[in-house]
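The structure appears below as structure tokens.
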Amino acid sequence: KAGVTQTPRYLIKTRGQQVTLSCSPISGHRSVSWYQQTPGQGLQFLFEYFSETQRNKGNFPGRFSGRQFSNSRSEMNVSTLELGDSALYLCASSLAQYDTQYFGPGTRLTVL
Amino acid sequence: KQEVTQIPAALSVPEGENLVLNCSFTDSAIYNLQWFRQDPGKGLTSLLLIQSSQREQTSGRLNASLDKSSGRSTLYIAASQPGDSATYLCAPLYSSYKLIFGSGTRLLVRP
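Residue numbers (our numbering), protein chains in the order written: chain A, 855 to 966; chain B, 30 to 140.
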């Protein structure tokens, strides 16, 4: 069974640009969560989606948005990129809402 | 505020030692708690999940315990190996559907 996949794996952008990251959950998983990991702040929750509905959003500015499609694939978008958005963005999926969460390899975003 | 603390922050041991990694959380209203390992620059690998009603969970050389009322979990690693070198993270899951992560314990097992 394939794991959680994230594309692209690496991205380099400049300040002011926008970026879209994609996450494909494990087949059959309907819950998808996103996390940002930085050396200074550690792992922080961005959003959680279940059946195309955002059920929770972390304490991030409105420049961070996301969505989930009917096939459970999810995307997150960051507009007007800032240097501080440089991070490893991780996606996780789970079968049920309080089940084991499986993480993908992450997308490494560098903002110059 | 929901916070997670992991002690120690770093650990260096010779191969073969039995290890104890500690995790404490401020809000005991958890649904479950997961332990993960993370290799440098990689994603998180799930090691164990303990439901809030459980006291222990075992997988191979790993054993995790949970004391929900006191807000503590412990990960035991038996007979450590160099391949166990990684950062270990604990994360309770709350009703808000989010995992709260600690800063991790960076483990180095020397051959």
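Quick reminder that beta carbons are idealized off the backbone N, C-alpha and C, glycines included.
As the structure is a prediction and not an experimental result, all values here were calculated from the model.
For residue i, which residues of its own chain have a beta-carbon under 8 angstroms away from its beta-carbon, when the five flanking residues on both sides are left out?
{"i": "Glu44(B)", "result": "Ser109, Gln110, Pro111, Val138, Arg139, Pro140"}
{"i": "Ser114(B)", "result": "Leu136, Leu137, Val138"}
Could you work out which residues of chain A lie near residue i, taking near to mean beta carbons separated by less than 7 angstroms?
{"i": "Phe130(B)", "result": "Gly896, Leu897"}
{"i": "Asn61(B)", "result": "Tyr952"}
List, in chain order, every chain A residue whose beta-carbon is nearer than 9 angstroms to that of residue i.
{"i": "Ser125(B)", "result": "Phe899, Glu902, Arg909, Asn910"}
{"i": "Leu78(B)", "result": "Asp953, Thr954, Gln955"}
Which chain B residues are close to residue i, counting only those with a beta carbon under 8 angstroms from its beta carbon?
{"i": "Pro959(A)", "result": "Lys71, Gly72"}
Let's see if you can read the secondary structure: which residues bound the beta strand (DSSP E) around residue i?
{"i": "Asp96(B)", "result": "91-96"}
{"i": "Leu122(B)", "result": "115-122"}
{"i": "Phe54(B)", "result": "48-54"}
{"i": "Ser919(A)", "result": "918-922"}
{"i": "Lys867(A)", "result": "864-867"}
{"i": "Arg909(A)", "result": "907-911"}
{"i": "Pro43(B)", "result": "39-43"}
{"i": "Ile59(B)", "result": "It is not in any beta strand (DSSP E) - Ile59(B) carries neither H nor E in the DSSP assignment."}
{"i": "Val932(A)", "result": "928-932"}
{"i": "Ala946(A)", "result": "941-948"}
{"i": "Glu902(A)", "result": "896-904"}
{"i": "Ile36(B)", "result": "33-36"}
{"i": "Tyr952(A)", "result": "Unbroken run through Tyr952(A): none, as it is neither H nor E."}
{"i": "Arg962(A)", "result": "961-965"}
{"i": "Glu85(B)", "result": "85-88"}
{"i": "Leu104(B)", "result": "101-106"}
For residue i, go through chain A and note every residue whose CB falls closer than 8 angstroms to its CB, in chain order.
{"i": "Ser75(B)", "result": "Thr954, Gln955, Tyr956, Phe957"}
{"i": "Leu122(B)", "result": "Tyr952, Gln955"}
With distances taken Cα to Cα, identify the nearest neighbour of residue i among the options.
{"i": "Ala120(B)", "options": "Ala950(A), Gln955(A), Cys945(A), Phe914(A)", "result": "Gln955(A)"}
{"i": "Leu118(B)", "options": "Ser132(B), Glu85(B), Thr103(B)", "result": "Ser132(B)"}
{"i": "Ser881(A)", "options": "Gly960(A), Glu936(A), Asn925(A)", "result": "Asn925(A)"}
{"i": "Pro893(A)", "options": "Ser940(A), Gly870(A), Thr934(A)", "result": "Ser940(A)"}
{"i": "Gln891(A)", "options": "Tyr952(A), Phe914(A), Gly870(A)", "result": "Phe914(A)"}
{"i": "Asp953(A)", "options": "Lys911(A), Val886(A), Gln908(A), Thr964(A)", "result": "Val886(A)"}
{"i": "Arg66(B)", "options": "Lys127(B), Tyr123(B), Leu104(B), Ser124(B)", "result": "Leu104(B)"}
{"i": "Ala38(B)", "options": "Cys52(B), Ser98(B), Ser57(B), Ser125(B)", "result": "Cys52(B)"}
{"i": "Leu128(B)", "options": "Leu50(B), Leu48(B), Ile36(B), Leu73(B)", "result": "Leu73(B)"}
{"i": "Gln922(A)", "options": "Gln895(A), Ser947(A), Arg869(A)", "result": "Ser947(A)"}
{"i": "Ile59(B)", "options": "Gly70(B), Lys97(B), Leu91(B), Thr134(B)", "result": "Lys97(B)"}
{"i": "Gly89(B)", "options": "Ser99(B), Leu76(B), Ser81(B), Gly100(B)", "result": "Leu76(B)"}
Who are the near neighbours of residue i in its chain, counting only those whose CB is closer than 6 angstroms to its CB and skipping five residues on each side?
{"i": "Met930(A)", "result": "Leu875, Trp888, Gly920"}
{"i": "Leu897(A)", "result": "Tyr889, Gln891"}
{"i": "Gly962(A)", "result": "As written in the sequence, residue 962(A) is Arg, which differs from the Gly given in the question. Within the same chain, Arg962(A) has close Cβ partners Tyr864, Leu942."}
Excluding sequence positions up to five away, which residues of its chain have a Cβ less than 7 angstroms from the Cβ of residue i?
{"i": "Leu95(B)", "result": "Leu62, Ile79, Gln83, Arg84, Ser102"}
{"i": "Gly960(A)", "result": "Gln860, Leu942, Tyr943, Leu944"}
{"i": "Phe904(A)", "result": "Arg884, Ser885, Gln951"}
{"i": "Pro862(A)", "result": "Thr961"}
Relative to the ligand PLP, is the shortest distance from any of its heavy atoms to the C-beta of residue i smaller than 7 angstroms?
{"i": "Val49(B)", "result": "Judged by which ligands are present, the structure shown has none, so any question about the ligand PLP falls away."}
Would you list, in chain order, the members of the stretch 932-945 of chain A that have their beta-carbon closer than 9 angstroms to a beta-carbon of chain B? Leu942, Leu944, Cys945
Going along the chain, which residues of the stretch 98-124 of chain B sit with their C-beta nearer than 9 angstroms to a C-beta in chain A? Legend: CB atoms of the stretch 98-124 of chain B lying less than 9 angstroms from CB atoms of chain A belong to residues Leu118, Ala120, Leu122, Ser124.
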